[in-house]
Amino acid sequence: MKKTASHKPISERKPYARLSEDEKRKIVQEINLGLIGHRAAARKYGISRNNIAKWIVQFSLRNLRPLEIANNAIENMDEKTKIRELSQQVRYLSKELENAKLKVKGLETLIEVSEEQLKIKISKKFGAKQLKD
Numbered sequence: 001m002k003k004t005a006s007h008k009p010i011s012e013r014k015p016y017a018r019l020s021e022d023e024k025r026k027i028v029q030e031i032n033l034g035l036i037g038h039r040a041a042a043r044k045y046g047i048s049r050n051n052i053a054k055w056i057v058q059f060s061l062r063n064l065r066p067l068e069i070a071n072n073a074i075e076n077m078d079e080k081t082k083i084r085e086l087s088q089q090v091r092y093l094s095k096e097l098e099n100a101k102l103k104v105k106g107l108e109t110l111i112e113v114s115e116e117q118l119k120i121k122i123s124k125k126f127g128a129k130q131l132k133d
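Note that full-length UniProt numbering gives residue 40 to position 40 of the sequence shown, counting from 1, and the numbers run on in steps of one.
Given below as structure tokens:
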């Protein structure tokens, strides 16, 4: 029986041999969890960064649920690793929240300036009724 590239460890496979979907998913999962960066993954697995970027897009389009993946991975870790991963996740989510707040503040400022310059009311009051045509 002929062995394929997917049966060999990644470090032992031939150059340009294809990786299985599971191997690709594992690499993308490591990157999404923040365990390893794009460049480090490329070096570790001997893969181009472009391929890794394509896989990330490919698997995100297949509706992988990063939060569920992270939770499953965290359940299988020891206590120190869990704490480290959860703290990284908290930092990431805090940054995302801060970015969202900045975006909202910027859009609110844009609306205010536009209302002043154009002398029209742009922002809609909560609960206001729509005009019927």
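Even glycine gets a Cβ: it sits at the ideal position worked out from N, Cα and C.
Sub-9 Å separation of residue i and residue j beta-carbons
i	j	result
Glu85	Gly34	yes
Ile52	Ala70	no
Glu115	Lys124	no
Counted within 10 angstroms of its Cβ, other Cβ atoms place residue i as buried (16 or more) or exposed
i	result
Val104	exposed
Met1	Reliability fails at Met1, whose pLDDT of 44 lies under 50, so the model's placement of it is uncertain and no value is given.
Gln117	exposed
Proximal residues to residue i (C-beta, below 8 Å), its chain only, five neighbours per side dropped
i	result
Gly37	Ile31
Phe59	Lys24, Arg25, Val28
Lys3	Below a pLDDT of 50, predicted positions are generally treated as unreliable, and Lys3, at 46, falls in that range; no measurement from the model is reported.
residue 138	This structure cannot speak to residue 138, because the chain is shown only from 1 to 133.
Extent of the continuous alpha helix (DSSP H) to which residue i belongs
i	result
Ser87	79-118
Arg39	38-45
Asn76	Careful: Asn76 lies outside any alpha helix (DSSP H) and carries neither H nor E.
Arg25	21-32
Same chain, Cβ closer than 7 Å to residue i, neighbours up to 5 away in sequence not counted
i	result
Gln88	Gly34
Met77	Glu85
residue 180	The first residue shown for the chain is 1 and the last is 133, placing residue 180 beyond what the model contains.
6 Å CB neighbourhood of residue i in its chain, flanking five on each side removed
i	result
Lys119	none
Val113	none
Trp55	Lys24, Val28
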